[in-house]
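Structure, as structure tokens:
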Amino acid sequence: MAPKLLMLTAICRLIVTVGLTLNPNDLLITTQIPLSFNHTDIQSASSDFGGLTNHPLAAAVLHPSSAADVVKVVKLAYESPHGFAVSARGHGHSINGQSAAENGVVVQMTTRSSPSPPQAVVVFEEMMYVDVWGGELWIDVLKCTLKYGLAPKSWTDYLYLSVGGTISNAGISGQAFNYGPQISNVHEVDVVTGKGELVTCSEDQNSELFHAVMGGLGQFGIITRARIALEPSPQRVRWIRVLYSNFTSFTHDQEYLVSLHGQPSSQKFDYVEGFVIVDGGLINNWRSSFFSPSNPVKISSISSGGSILYCLEITKNYYHHSDPESVNQEVEALLEKLNFIPASVFTTDIPYIDFLDRVHKAELKLRSKGLWDVPHPWLNLFVPKSRIADFDKGVFKGILGNKTSGPILIYPMNKNKWDEETSVVTPNEDVFYLVALLRSALQNGEEALTLERLSDENRQILNFCEEQKIGIKQYLPHYTTQQEWMDHYGEKWPQIYKRKLEFDPRHILATGQRIFEPSF
Ligand code: FAD
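Read in order, the letters of the sequence shown are residues -21 to -1, 1 to 499 in mature numbering (1 follows the signal peptide of the UniProt record, and there is no 0).
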């Protein structure tokens, strides 16, 4: 539909509800909802990082100044005889249009672009938590808490994501084996439900709604405030990479390291990740900018004879008051237990904030080369530990060939750090891996890197997992039919269905996920 027509449709729908004239300005003043009908605003709010297709346009964008603004627009959608879609949009870093609201209202939650942003971050130093607006970016949360010498415990690899956006999925990185995903570190949230009610919830208060919105893909409410656990912030990070040519040794060591989660901090690493190197180097890999003063050899120069290498990535955090010798000893004691290629130890030492913000540096480099705003056919999977070797054989050593077009992350997590009551689904094993194929398509590049080719490979990987009954679950899931969503949720589907009925009965929220048909 043409944008003008979309705008008119939206206004007409709103008019039916509130009985106004056709002038959008009247509408704004009378309803006191700061909607924007600006075409550029609408287009930008309807796009995302995936850049795979043109997502359906919204009719208007809301830049809320408070939770009350969010309440007003959701209430209007819920109570209107016609109804309309309302989707929260954090930083729009989804891949498949998950924050789009066809013909409805996108609630642009980030404060950075807001003309009158809500109060974003309040640190409660003694209580060791921080209250943040749902649209706040993690980088801004970190900068505020660091002023008090504190920091959140569990992260994503990239910090230019909104708090509401990551906790609507789970929020994972190399700390998850120890602290669980970000959703395991949230004490309380304020949520605007699909009925337009603002509800405070936690484990003890309105717990069904609390669990519903954790990993809830935006289906049950818009998170306007989250209370997040903090810890004293480390100041520096010893950042280490070691290489393997043998997959079994690699996963054995990764699983050993994550099994240490219950040990005192001196006897475990603080972060455990890893990646797969299938194309003879780290070309096009965001994480290639790693310089190791103690071993200034490029990882890519270690020959793998054309076969695959696996890189284990680990860190040890430390403080101003830490004894440097003890840090060395702790690292050495842990490395001694591992079975990597001798002489492949790459170590660097950087400030904590630089480590957490590492992907942004790579972003700036890619942006300068025009390689950031390209289509991203990403595929993120949770793979059960018992089948990770089959996955390696069939996918890394099979389907992928020798061109990957971006980093392939692989790291294990402990299921007991995930709350089963939340809306996230993970494989049914004590340990499961994240495998993230973070690919960039280059339309005019090599044939191997085109969007069509990479999307086709993704389909092949999913088919392989299906045929071999690998038992994967998609992370940041994307499906187009309700049957596929039912399969994804499995035994959890009746609970998800019931939660939707209770908290968003008209299916107004986050329609871009395509889980429930809107009932208007
Ligand atoms: P959006 O794309 O804006 O929204 C995603 C979904 O959440 C939509 O359905 C939307 O309606 C809903 N939503 C957004 N805000 C709210 C809210 N306040 N209340 C309720 N629902 C809401 N993920 C990880 O776990 N670990 C990583 O290391 C990681 N790294 C990434 C690196 C990059 C470069 C990118 C692009 C993504 C990465 N992700 C990672 C994925 C990321 O966590 C998700 O895509 C997340 O949804 C992005 O947050 P956003 O604020 O951009 O959300």
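Ideal placement from N, C-alpha and C gives every residue a C-beta, glycine not left out.
The structure displayed is predicted, hence computed values, not measured ones.
Classification of residue i by the beta-carbon crowding that lies within 10 angstroms, buried from 16 upward
{"i": "residue 128", "result": "exposed"}
{"i": "residue 1", "result": "In this predicted model, residue 1 has a pLDDT of only 34, less than 50, meaning its place in the structure is not dependable; the value taken from the coordinates is given anyway. Result: exposed."}
{"i": "residue 101", "result": "exposed"}
{"i": "residue 19", "result": "exposed"}
{"i": "residue 89", "result": "buried"}
{"i": "residue 445", "result": "exposed"}
{"i": "residue 172", "result": "buried"}
{"i": "residue 288", "result": "buried"}
{"i": "residue 478", "result": "buried"}
{"i": "residue 253", "result": "buried"}
{"i": "residue 106", "result": "exposed"}
{"i": "residue 225", "result": "exposed"}
{"i": "residue 309", "result": "buried"}
{"i": "residue 200", "result": "buried"}
{"i": "residue 459", "result": "exposed"}
C-beta contact flag for residue i and residue j at 8 Å
{"i": "residue 345", "j": "residue 293", "result": "no"}
{"i": "residue 133", "j": "residue 154", "result": "yes"}
{"i": "residue 178", "j": "residue 205", "result": "no"}
{"i": "residue 415", "j": "residue 433", "result": "no"}
{"i": "residue 138", "j": "residue 336", "result": "yes"}
{"i": "residue 450", "j": "residue 79", "result": "no"}
{"i": "residue 455", "j": "residue 381", "result": "no"}
{"i": "residue 220", "j": "residue 291", "result": "yes"}
{"i": "residue 145", "j": "residue 135", "result": "yes"}
{"i": "residue 472", "j": "residue 334", "result": "no"}
{"i": "residue 61", "j": "residue 93", "result": "no"}
{"i": "residue 326", "j": "residue 190", "result": "no"}
{"i": "residue 431", "j": "residue 378", "result": "no"}
{"i": "residue 361", "j": "residue 405", "result": "yes"}
{"i": "residue 30", "j": "residue 354", "result": "yes"}
{"i": "residue 83", "j": "residue 46", "result": "no"}
{"i": "residue 156", "j": "residue 391", "result": "yes"}
{"i": "residue 412", "j": "residue 340", "result": "no"}
{"i": "residue 489", "j": "residue 66", "result": "yes"}
Beta-ladder partner(s) of residue i, from DSSP
{"i": "residue 218", "result": "294 and 327"}
{"i": "residue 230", "result": "DSSP lists no partner for residue 230."}
{"i": "residue 125", "result": "For residue 125, which the question treats as bridged, DSSP gives no partner whatsoever."}
{"i": "residue 484", "result": "None; residue 484 has no bridge partner."}
{"i": "residue 112", "result": "204"}
{"i": "residue 337", "result": "Bridge partners of residue 337: none, in fact."}
{"i": "residue 253", "result": "291"}
{"i": "residue 493", "result": "None, per the DSSP bridge assignment."}
{"i": "residue 105", "result": "According to DSSP, which records beta bridges pairwise, residue 105 is partnered with nothing at all."}
{"i": "residue 209", "result": "131"}
{"i": "residue 366", "result": "Per DSSP, none; premise fails for residue 366."}
{"i": "residue 161", "result": "Per DSSP, none; premise fails for residue 161."}
{"i": "residue 358", "result": "416"}
{"i": "residue 100", "result": "111"}
Endpoints, the beta strand (DSSP E) within which residue i is located
{"i": "residue 179", "result": "177 to 181"}
{"i": "residue 415", "result": "410 to 416"}
{"i": "residue 392", "result": "387 to 393"}
{"i": "residue 169", "result": "165 to 172"}
{"i": "residue 157", "result": "Segment 155 to 158 is the alpha helix (DSSP H) holding residue 157; no beta strand (DSSP E) there."}
{"i": "residue 68", "result": "65 to 68"}
{"i": "residue 41", "result": "39 to 41"}
Residue span of the alpha helix (DSSP H) that contains residue i, given as start and end
{"i": "residue 191", "result": "186 to 192"}
{"i": "residue 351", "result": "That residue, residue 351, is in no alpha helix (DSSP H); it is neither H nor E in DSSP."}
{"i": "residue 143", "result": "142 to 146"}
{"i": "residue 23", "result": "18 to 24"}
{"i": "residue 55", "result": "46 to 58"}
{"i": "residue 468", "result": "461 to 468"}
Residue-chain proximity (residue i, chain C), Cβ-Cβ < 8 Å
{"i": "residue 452", "result": "This model lacks chain C altogether; it includes just one protein chain."}
Helix, strand or coil at residue i [DSSP, three-state]
{"i": "residue 429", "result": "coil"}
{"i": "residue 404", "result": "coil"}
{"i": "residue 223", "result": "strand"}
{"i": "residue 316", "result": "coil"}
{"i": "residue 479", "result": "helix"}
{"i": "residue 82", "result": "coil"}
{"i": "residue 309", "result": "helix"}
{"i": "residue 419", "result": "coil"}
{"i": "residue 15", "result": "strand"}
{"i": "residue 452", "result": "strand"}
{"i": "residue 498", "result": "coil"}
{"i": "residue 87", "result": "strand"}
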